[in-house]
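To start, the structure itself, in structure tokens.
2 protein chains.
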Amino acid sequence: MINKFTITGGTHGNELTGVYLIKKWKLEPELLKRSNFETLFLHTNKKAIEEVRRYIDHDLNRAFNSDDLKNSDLVTYEAKLAKELNQLLGPKGYKDTNADFIVDLHTTTANMGLSIVVSNESALTWKAIAYLCQQEPSLNVYRWQGDEEDAFVDSIAPHGFAIEVGAVPQGVLRADLFLQTELLIYHLLDFFEKLNNDVVMNLSKSLDIYDHQSLVDYPRDSSGDITAMVHQDRQDKDYFLIESGEPLFLTLNGETISYEGEALYTLFINEAAYYEKGFAMCLAKKERIMIKE
Amino acid sequence: MINKFTITGGTHGNELTGVYLIKKWKLEPELLKRSNFETLFLHTNKKAIEEVRRYIDHDLNRAFNSDDLKNSDLVTYEAKLAKELNQLLGPKGYKDTNADFIVDLHTTTANMGLSIVVSNESALTWKAIAYLCQQEPSLNVYRWQGDEEDAFVDSIAPHGFAIEVGAVPQGVLRADLFLQTELLIYHLLDFFEKLNNDVVMNLSKSLDIYDHQSLVDYPRDSSGDITAMVHQDRQDKDYFLIESGEPLFLTLNGETISYEGEALYTLFINEAAYYEKGFAMCLAKKERIMIKE
């Protein structure tokens, strides 16, 4: 049973799909109305949205670690904002949170198509994802386990995930990806409505997902500056397998660096925001998981 | 005769192709050495490069208006920087400038492929462009006349242009576009070497270019915020003709706004940096110009 669903946008102020979907729904809130639950929608990082920047002091979407939320010494703009959002939508880890399910809207400069990033795992979250994959067969699912604890916005609620859509540059609104993301939200609303009405949904019993394995950083010099680019043969090959010996990077002086290791899938290739985080792409395994009805 | 050629990169600090080409050449300066002229290459906006931002206070590539360069009341970071660069490479409008020919390296989030933007017109500039188009048939040329006076970096010298390459997000280095831009510079060095040696180049006598006509802004609300996106059928259609009645914008509430007017070519569609400048795309006419040997 879902009572309070929350959609957040503008967690990164330069990812315009979420920013403008929330603006659209503020003008037409009836689009989100359903018979048997409430939907709240809001801009999370208003100052970053205004400045069309990812963040003011640091990444809001890594600011929801439980210890950090309790730490009164953390007084950056995003640390304070995370505590406010936690009060509004959580509190995280409590039984009766103000949001049952959070979907946080993102975009990526990588060629990720329409993707779900899930780290806040629950039977209900997986069931919702299975429903969405049935409605949108092009949807891909990435299970992220790159941090010690899930510190994403959606971790405030017991259930939820992030939508990532790309490729789209920071600061750009693409109509095609806007429409795809919007439609996915309407499917999710249908799912909650059916769920609350005990409608039988005949979901697939299993789901193929991409399971996080590791991060690959760019080659860098002693000052930390990158000395190679993603190789032109790997660029845009998100959700493609990479095998040992295949081109991975091209150094500034024109040498190809090949991938060495187990055959894995490459995701989030050449995402602008990850240069400073220290990775050029993620590696994942394809895995079949079981969905509980 | 060219004696002093200058290549500038990082005029916009988040356009990484130019930033990293200059870094590459600092490591391998012999790549730019030719027998009969000197090549200088430099990062223009170092602070913006460090912060991976377009600019600190305002756009450096609109800061070279002759009056502004003389105005000592202008003391923003980029106004001061423009004056320094003008001393180093100009002074603009003088007979004996420190740079004979400037190429400024840019990228765009629009699907512009490999493009030259020319506003600093001279017979030599057009001859160089004609040579480059012969070497790279996919190269497109856009004559920009959108400002009262050319205030671009390349306007400091008597000859020059900007290279624009895309689509690439801000803050991202794409190997394919990096290699295309690099190769174009090597062709230009060959041209100068041949020119100085009086080599007959058998250039085409005419050249088809895109001639600037007007700018089209996004529909906006009373506070200046956009209320529509570039229509999904127009997105990525740079250098394509648009005819009256064809979809131009999609409003946030899903209505299509059609183009009304003379059939023209759409350029720089949905460039991230132009949201704040107030245009969604440029309109241009295709024109055949004559090249003087």
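So the protein sequences, as listed, match chains D and F.
Every letter in the first sequence is one number past the one before it in our numbering, and letter 26, counting from 1, is 26.
Every letter in the second sequence is one number past the one before it in our numbering, and letter 166, counting from 1, is 166.
For each residue, glycine too, the CB sits at the ideal point set by N, CA and C.
Supposed close pair F/His43, F/Gly9 - CB separation, criterion 8 Å: Looking up residue 43 of chain F in the second sequence gives position 43. Looking up residue 9 of chain F in the second sequence gives position 9. Contact holds; Cβ gap of about 6 Å.
Could you give the first and the last residue of the continuous alpha helix (DSSP H) run that contains F/Ser66? Against the second sequence, residue 66 of chain F aligns to sequence position 66. Taken as a continuous stretch (DSSP letters only), the alpha helix (DSSP H) holding F/Ser66 covers Ser66 to Lys70.
Measure the C-alpha to C-alpha separation of D/Gln87 and D/Trp25 and round it to an integer number of angstroms. Position 87 of the first sequence, counted from the start, is the residue given in the question as residue 87 of chain D. Position 25 of the first sequence, counted from the start, is the residue given in the question as residue 25 of chain D. Taking the straight line joining both Cα atoms gives about 23 Å.
Kindly provide the ranges of any beta strand (DSSP E) runs that are 3 or more residues long and lie completely inside the region 260-286 of chain F, ordered along the chain. 264-267
is_contact[F/Val172, chain C] using C-beta, thresh 7 Å: Absent from the structure: chain C. Protein chains present are D and F.
Which chain F residues sit within Cβ distance under 9 Å of D/Asn196? To locate residue 196 of chain D, count along the first sequence from 1; it is residue 196. Near D/Asn196 there are no residues of chain F at all, since even the closest Cβ is about 27 Å away, more than 9 Å.
Going by the beta-carbon positions, is the gap between D/Ala272 and D/Leu241 smaller than 7 Å? Position 272 of the first sequence, counting from 1, holds the residue named residue 272 of chain D. Position 241 of the first sequence, counting from 1, holds the residue named residue 241 of chain D. The answer is no: Cβ separation not under 7 Å.
Closer than 7 Å between beta carbons: that is the criterion. Which residues of the region 10-23 of chain D meet it against chain F? Tyr20 and Lys23
Selected residue, minimal CA-CA separation from D/Ile185, among D/Glu149, D/Ile7 and D/Ile2: The residue you call residue 185 of chain D lines up with position 185 of the first sequence. The candidate whose alpha carbon is nearest that of D/Ile185 is D/Ile7.
Got a sec: which bits of the region 271-289 of chain F sit with their beta carbon under 9 Å from any beta carbon on chain D, in order along the chain? Glu271, Ala272, Ala273, Tyr275 and Glu276
Please report the residue range of the beta strand (DSSP E) in which D/Glu38 lies. As a first step, residue 38 of chain D must be located in the first sequence, where it is residue number 38. Taken as a continuous stretch (DSSP letters only), the beta strand (DSSP E) holding D/Glu38 covers Glu38 to His43.
Contact check, D/Gly278 vs D/Asp221, beta carbons under 7 Å: Position 278 of the first sequence, counted from the start, is the residue given in the question as residue 278 of chain D. Position 221 of the first sequence, counted from the start, is the residue given in the question as residue 221 of chain D. It is not a contact, given that the beta carbons lie outside the stated cut-off.
Measure the CB-CB distance between F/Tyr274 and F/Tyr239 and report whether it falls below 7 Å. If you number the second sequence from 1, residue 274 of chain F lands on position 274. If you number the second sequence from 1, residue 239 of chain F lands on position 239. Result no, Cβ atoms of F/Tyr274 and F/Tyr239 do not sit closer than 7 Å.
Does the beta-carbon distance from F/Tyr142 to F/Phe191 come in below 7 Å? Residue numbering aside, residue 142 of chain F sits at position 142 when the second sequence is read from its first letter. Residue numbering aside, residue 191 of chain F sits at position 191 when the second sequence is read from its first letter. The answer is no: Cβ separation not under 7 Å.
Should F/Val153 and F/Asp104 be called a contact, given that it needs their Cβ atoms to be closer than 7 Å? In the second sequence, the residue the question calls residue 153 of chain F occupies position 153. In the second sequence, the residue the question calls residue 104 of chain F occupies position 104. In this structure, F/Asp104 lies closer than 7 Å to F/Val153 by Cβ.
Shorter than 6 Å, the distance from the beta carbon of D/Ser119 to the closest heavy atom of the ligand NAP, or not? You won't find the ligand NAP in this model; it holds no ligand whatsoever.
Which residues DSSP lists as bridging F/Gly152, in chain order: As a position in the second sequence, residue 152 of chain F is number 152, starting the count at 1. Reading off the sequence shown, one finds Phe at residue 152 of chain F, where the question assumed Gly. DSSP lists no partner for F/Phe152.
In the region 140-191 of chain D, which residue ranges form an unbroken beta strand (DSSP E) of at least 3 residues, counting only runs that do not cross its ends? 140-143 and 159-166
Check each residue of the region 157-169 of chain D: if its Cβ is closer than 7 Å to any Cβ of chain F, include it; give the result in chain order. Pro169
If you measure between the beta carbons of D/Asn3 and D/Val52, is that distance less than 7 Å? Your numbering for residue 3 of chain D matches position 3 in the first sequence. Your numbering for residue 52 of chain D matches position 52 in the first sequence. No, they are not a contact pair.
Any idea what DSSP makes of F/Ala123, helix, strand or coil? By 1-based counting over the second sequence, the position of residue 123 of chain F is 123. Of the three classes helix, strand and coil, the one that applies to F/Ala123 here is helix, per DSSP.
When DSSP labels each residue in this structure, what does D/Tyr77 get in the three-state scheme? Here the question's residue 77 of chain D lines up with position 77 in the first sequence. DSSP places D/Tyr77 in helix when its eight states are reduced to three.
Would you report the Cα separation of D/Glu38 and D/Met1, rounded to the nearest angstrom? Numbered from its first residue, the first sequence carries residue 38 of chain D at position 38. Numbered from its first residue, the first sequence carries residue 1 of chain D at position 1. Their backbone Cα atoms lie some 12 Å apart in a straight line.
Is there a Cβ from chain D that is less than 7 Å from the Cβ of F/Leu252? Counting from one through the second sequence, the residue named residue 252 of chain F turns up at place 252. True, the Cβ-Cβ gap to chain D drops below 7 Å.
Which same chain residues end up closer than 8 Å to D/Ala167 when comparing Cβ atoms and leaving out the 5 residues on each side of it in sequence? As a working note, residue 167 of chain D is residue 167 in the first sequence. Contacts found: Thr108, Thr109, Ala110, Asn111, Met112 and Asp236.
According to DSSP, simplified to helix, strand and coil, what is D/Gly224? The sequence position of residue 224 of chain D within the first sequence is 224, counting from 1. In this structure, D/Gly224 counts as coil in the three-state DSSP scheme.
Helix, strand or coil: which one does DSSP assign to F/Ile129? The count along the second sequence starts at 1 and reaches residue 129 of chain F at position 129. F/Ile129: helix per DSSP, three-state reduction.
Pair every Cβ in the region 158-173 of chain D with every Cβ in the region 77-85 of chain D, then say whether three or more of these pairs are closer than 8 Å. no
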